[in-house]
Structure formats: C-alpha cells, structure tokens
Amino acid sequence: VQLQASGGGLAQPGGSLRLSCAASGSISGFNVMGWYRQAPGKQRELVAAITSGGSTNYGDSVKARFTISRDNAKNTVYLQMNSLKPEDTAVYFCQVVVWGRSSAYWGLGTQVTVSS
C-alpha cells in the first residue's frame, strides 16, 4: 500500500486548506485512515482519524476547525482545515491502519505553513 498526499501549501491565518491522501493497493476490511502532523522540534501528533465505518476522532487543538472525511470507493481521505492558525504549521502525514496487518502505512508528508 502506498499513500500519496496532496494539498499542502501556504495559507494566511484564518484561511483554509484541504488535504487529500489516496491509498493505492488493497485496504479492504476494517481500517482507519488518519492525519498526523509534526512541527519542528515537536513530537508527531494525531490531527484526525476516521474509520472505514465513518467514526471520527480529532486532536483537541483542531476540534471545530478541521473536518476529516473519506471516500471508500476511492480509498481517499480528506482533511478540510478552516480557521488556520500559525501553530497549525507542520508537516502533515497521512496514515492507514488495516485490521489484521502488523504495521501502519505512512505517506511522505505534505508541508502546511500558516503565515501572514
């Protein structure tokens, strides 16, 4: 399974960006697709995750601002980021965990920079 993320870039504070991550290969069965981020000098943290059944989970710092969704037919997960803040600046990584497989799959990451 390979993950290809897109949609990162530069946004102004208060602006919006939408990230996409497409998984190639089979991820059939119960799975969780998610986004993590890592800022310089900080640990990687969960941003949001969504199960194949549609249940979602968000990091506290992005609740009410970010929305995760997915298209199961396309094996693609999206992250709509609104009301962006400078502290959202980080490299965003896509992750997929498939039930029954020993390790998670990670994308290469996409840079999100929030600055005026």
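Position 14 (the sequence shown) corresponds to 84 in the numbering used here; numbering is contiguous. C-beta atoms are modelled at their ideal positions from N, C-alpha and C, and glycine is treated no differently.
Asked, Found
"Alpha carbon to alpha carbon, how far is A93 from P110? Give it in angstroms, no decimals.", "26 Å"
"Could you check which residue in L116, T121 and W176 has the C-alpha nearest to that of D130?", "L116"
"Mind checking whether S122 and F100 have CB atoms under 8 Å apart?", "yes"
"In terms of residue numbering, what span does the beta strand (DSSP E) encompassing Q74 cover?", "Q72 to S76"
"Going by Cα to Cα distance, which pick from S153, A81, P83 and Y148 is closest to A118?", "Y148"
"Is any heavy atom in the ligand MG found nearer than 7 Å to the beta carbon of S122?", "This structure simply doesn't include the ligand MG, nor any ligand for that matter."
"With distances taken Cα to Cα, identify the nearest neighbour of I120 among L87, Q108, V161 and I138.", "I138"
"Measuring alpha carbon to alpha carbon, tell me which of Q165, V182 and T183 ends up nearest W176.", "Q165"
"Rank S186, V184, S172 and V167 by C-alpha distance to the C-alpha of W105 and give the top, closest one.", "V167"
"Return the residue from the list N142, S86 and R114 that minimises the CA-CA distance to S96.", "N142"
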